Structures are given as C-alpha cells and as structure tokens.
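In our numbering, the protein residues as written are 3 to 621.
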C-alpha cells in the first residue's frame, strides 16, 4: 500500500462508519444489497431539529448570506430563525394553505427563502421550491406554467418582484395565490416578506406543528422534465428525517463536531436542499449561503467567500471543482485556508473526472500533508436523495458507495447491465396528482425503478461499493452490435479532452463509430488559443484548441478497447445548453437525450464527411 493510500485509509477511518453490507443473490440473477446496520429511530419532522437547536444552542449561527464580496455577512441564529419561522407559519395558517394550496418559491437560495420554506413545513404545509431558471432564464415559461397549474399555490414567494415580474405576469391568470416578495415594488398586490416575520406567533402554530407526522408532505420537488412535463415528487417528513438519520450513522463525526459549510447548490434540487441544507440543520451547524456558482462571472464571488469562510465539509459538482482547482493552484493563501479545516470533499450531480480527483488529492497532500477524503453518493429526487453513500475513501473517482442503513438496493439484470432499484423509508410515495406515473415507477416488490445502471467494484466484496454505469435508456448499439456505455465513456472522454471539454454528449446511434458533441470550457479554450477577447467561434476554431481535442481523442483511443470505448470525431458546440429544452440543470448536469433530440443539425454536421467543423482522431 502506498503512503497516499495509507493516508486515505486513516483519514476515512477517523470520519466514517465502516461499511457492512449484505448481498443476497436471487435465482433470477438479481442482487439485493442492504446495510447490516439497522436504521436508528429518526425525528418526527424537520421542525423538530430547528426546535432542538433553538433550545440547546440558541446563539449559534444557523444561516449567513451576503450579496457581494465587499459586504459583511448577515447572520441568523437558531433562536431568531425559529422566531421568524413561527411568525411566518402563523401567516401561512391564516391564508388557509394546505397540500392542495402549497407554498411555491421561485427564488435563489437566501435566508428569507429558507425561513419561508421552513415555516411552511413547520405548520404542515408543503413547500415547492422551483428552479429560478424557469423564471429568469426561460423564454416561454412553459415549464413554470405547468408547475403552477399542477400545484394551484396559496402563496408564491420571489426575492424581488421586479426581477421576477415577467414570470409573474406569465402565470398571473393561472392562480389566485398571494405574491410575497423580499422587495414587493413593481407587482400590484404583492406584500413584503418582512411583514410576515414581524407578525406575532399564534397558538394555531403550536397545534399545527404538533399534528405533523411522518406521512405529512414536507415538499414538492420537481423532476427536470427533460423528457416531458416536470413531475412533482412528493417528499414526506419521513423521507427527509430518515435520510438524515442514515447520513448521521454513516458520517458519525457530524454528531461530534457539527458542520460548517459554504454552499451554492440550489434548494430546488434534492441534493442542495434535502442533503446539504438538512445536513446542516439536523446537526446544528452553520450554512454560509454562497451567492456565487461555478459559472462565468459568478465564480469570483464563490472564491471571495472561500477566502472568508473556512468550511469543515465542502460540497460541489465536478464543474465547480474544476474551477476551484485552477484558483487553488494560483493562490497559495486560498489553498492554505481551504484545506486547513476541511474534513472531506463531496461531489455530486455527476462523476468527478479522474484528472480532477488526482489534482485535488495532490493539492491537499502538498498543503496539509495528507489526502483529504473525497466521497460521493447516489440517489434521486424520489429518494430524498440518499440511497447510497461512499462512507469510505475510495481508491479512485466514481465510487458512489453502498446502501445506507434502512435502504435496500436491488440490482436487476437488464441486457448486459444491472439496473438499480431502491426501497426504504427515504423513497417517495409517488408523484402529486399522477397515479398512473406513480404506478409505473415501482416494481412488484415495491422498489422504485431509478433507470440507472450500476456495477459492483468487486463482485465478491459488496462493501467496496458501486460504480455508476450509465442510464439504462441512454446506452445504444453500434452497427457492429457492440453496446456503448454512455455514462462510462462520457467520463473517460471529459478526462481525455481536459481542459477543453466541460461536458460531452455521446452519439453514434445505429452507426459504425462513436462521436462526441462537446460543450467546451470557454475560459480554458481562450487560454489555449491565447485569445482572451475574441469571439467564441474564433476561439473554438483556433489551431491550438483543435489540436488539443485531436490529441485528447488519440489518448482515449490509446487506452485500449474496441470501437465502443473511444470517439473518432468531436464537434465543439459554440452555443450553451438550453434550459427551456431541458438540456441542463441548475447543477450543470447535461441531459444526454435532450441534447440529442434538440441538436439534430449538429449531429448531421458531425456525421458529414465533407464538413470541416468536426475534429478527427489522429490515426
């Protein structure tokens, strides 16, 4: 065992519970996996956590935010958070809101967003945070309209009435909800959120809170809707609290030292809200709300915040780590501060390319003398989200861990893959007002059918974890009959084409060869081309960029394997993925099928032997 591996193992053993997994191999070829560790009793509802910390550590900072790097942090303690939650809860009850008339939240993460969301859940009314992209980026508002029509909200919250005015106008005729805004100017009838939290708590709040049980609907969270109208996933209190109980058992250090984190992941998505936000709340920690994100023009604020906040646990998506690595290499003080107290690095939304994993490991060793554990997990909106957790230090990127306590994973042979299905207290009872879709989502044994494929790291040792093996429906055959594993090849392609490729869409359906549509990392391409101010088209056509892609394709081919393991051509896409078209989520994850269905003309260019736009693999 190398010195690095020893450091990895020692760090993991100090933080995590050791996996103990039972694998039951059935006669039909399926494998049922579960933790031998039983799930411990879990809280009645999310509000119990807030009540606990407001009572036990009232002056601890729960939430903090700032709008820019030159502003001080606005901090909110657990005591004050509970007061505001109860006051806003009284207003919600006065409106007669319920599961049939829930709270819809359209805004980015903020303290007010958190308070309103918690207030609704505190009095038994579901909160439905909706991706702000459907209000601020979308041009047709079609998905937002479908969500409002389905939910029939009793109240709609926006941070700024002026900013969200176009979206509010687009849905105005579809609801009778009260519009509540952080800044209500600009929309007739909108009321200020501050007036809600300034109200006096009523006795009805305590009665409503006491009536909540595990089956009470806490949230409606929407699927991406990339293949149709977004579905509202019912999230019960049982799902949320059992999930965090499992997290506490796999990460026992949380109960000892709590958690401080800086996080931007949106609360309209299950990992940002149910995993990260609830992890902080359940353990009495502090969440610094990051107003930046890994996108051009916005990541500078994230870096400024990291210079001010030292996290004990850090969450991000692969694109975020890609941008962070570049900054850590350039800024010694930032690197020193970042690694000074961080216990682990967590990645989600997509697999972390191995080159980014290696870079983070090397930086941590150079800075603090040991490899900071890098871990991931796997789940979905329907599983609240945690189904598996990598509560050990994997030897390479991509390991999504093992079933958490209380959750069963069934691996079902599907073609040459194993399709993963999930059963447990963390699994949704279904989709709101969609009984047919709900029925189709579960198998005869009550397992939710994820549609993801998995492979065991070691078939003889299930405790070593699982690797994501692509979406079952995304894989395709070449004309040779060879299956192409899209998920595996996408990750390998991103690594081979680093730093040019930000993401890759794999194509070649019913053809002889695999080909790539590449969403480029524009800043990296500018650096390669030495064209800091040129048009994107000129940057992507620069010889240095095209040569980097060609050499990346050659490296991928040199790794060995047949025609399904490399691409013969790549096309750099100048236009960014579409939100309206479902091509990308808030977390930056690319939906393969949506891109392929919308970019037929790009695929035609890629397949045209006479086109000079694509880049070929040498040799």
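Quick reminder that beta carbons are idealized off the backbone N, C-alpha and C, glycines included.
Just so it is clear, the structure is predicted and the values come from calculations on it, not from any experiment.
Check                                                                                                                             : Outcome
Exposure label - residue 281; buried when at least 16 CB within 10 Å                                                              : buried
With 16 other Cβ atoms within 10 Å as the buried cut-off, status of residue 2                                                     : What is shown of the chain runs 3 to 621, which leaves residue 2 out entirely.
Run of the beta strand (DSSP E) containing residue 79, from where it starts to where it stops                                     : 76 to 79
Cβ neighbour criterion (16 or more within 10 Å) applied to residue 613                                                            : exposed
Simplified DSSP assignment, three categories, for residue 50                                                                      : helix
Beta strand (DSSP E) runs contained entirely in the segment 303 to 360, provided each spans 3 or more residues                    : 315 to 318 and 346 to 349
Integer-rounded CB distance, given that residue 554 should sit under 8 Å from residue 608                                         : Incorrect: roughly 16 Å between the Cβ atoms, too far for contact.
Assumed close pair residue 414, residue 385 - CB separation to whole angstroms, cut-off 8 Å                                       : Their Cβ separation, rounded to whole angstroms, is 17 Å, which puts residue 414 and residue 385 out of contact at 8 Å.
Coil, strand or helix - residue 493 by DSSP                                                                                       : helix
Beta-carbon contacts of residue 445 that lie in its chain and below 7 Å, excluding the five residues immediately before and after : 423 and 451
Three-state secondary structure (DSSP) of residue 55                                                                              : helix
Supposed close pair residue 113, residue 76 - CB separation, criterion 8 Å                                                        : 7 Å
Contacting residues, own chain, Cβ-Cβ under 7 Å from residue 449 (five flanking each side not counted)                            : 412, 423, 424 and 425
Strand pairing of residue 421, partner residues [DSSP]                                                                            : 414 and 455
Stretch-stretch touch, CB-based, cutoff 8 Å, three pairs: the segment 65 to 84 with the segment 43 to 53                          : yes
Complete runs of the alpha helix (DSSP H) confined to the segment 559 to 609 [at least 4 residues]                                : 594 to 600 and 602 to 609
Identity of the residue in 194, 174, 171 and 189 nearest residue 182 by Cα                                                        : 194
Residue 586 to residue 132 span [Cα, whole Å]                                                                                     : 15 Å
Distance between beta carbons of residue 221 and residue 388, contact taken as under 8 Å                                          : In fact, because the Cβ distance is near 15 Å, the residues do not count as touching under 8 Å.
Residues sharing a beta bridge with residue 499, DSSP                                                                             : Answer by DSSP bridge pairing: none, since residue 499 is not bridged.
Reduced DSSP secondary structure (H/G/I, E/B, other) of residue 548                                                               : helix
Three-way DSSP call (helix, strand, coil) for residue 438 in this model                                                           : helix
Backbone CA spacing between residue 610 and residue 144 [nearest angstrom]                                                        : 34 Å
For residue 168, the first and last residue of its enclosing alpha helix (DSSP H)                                                 : 167 to 173
Straight-line Cα distance separating residue 22 from residue 39                                                                   : 7 Å
Cβ-Cβ separation, residue 306 to residue 327 (assumed contact under 8 Å), whole Å                                                 : The Cβ separation is near 17 Å, so there is no contact.
Residue environment, residue 621, which counts as buried when at least 16 other CB atoms sit within 10 Å                          : exposed
Exposed unless 16 or more other CB atoms sit within 10 angstroms - verdict on residue 205                                         : exposed
CB of residue 322 within 9 Å of CB of residue 301, strictly                                                                       : yes
Extent of the continuous alpha helix (DSSP H) run through residue 145                                                             : 144 to 153
Rounded separation between residue 37 and residue 401 - CA only                                                                   : 17 Å
Segment limits, alpha helix (DSSP H) that includes residue 258                                                                    : 255 to 259
The beta strand (DSSP E) enclosing residue 37, as first and last residue numbers                                                  : 33 to 37
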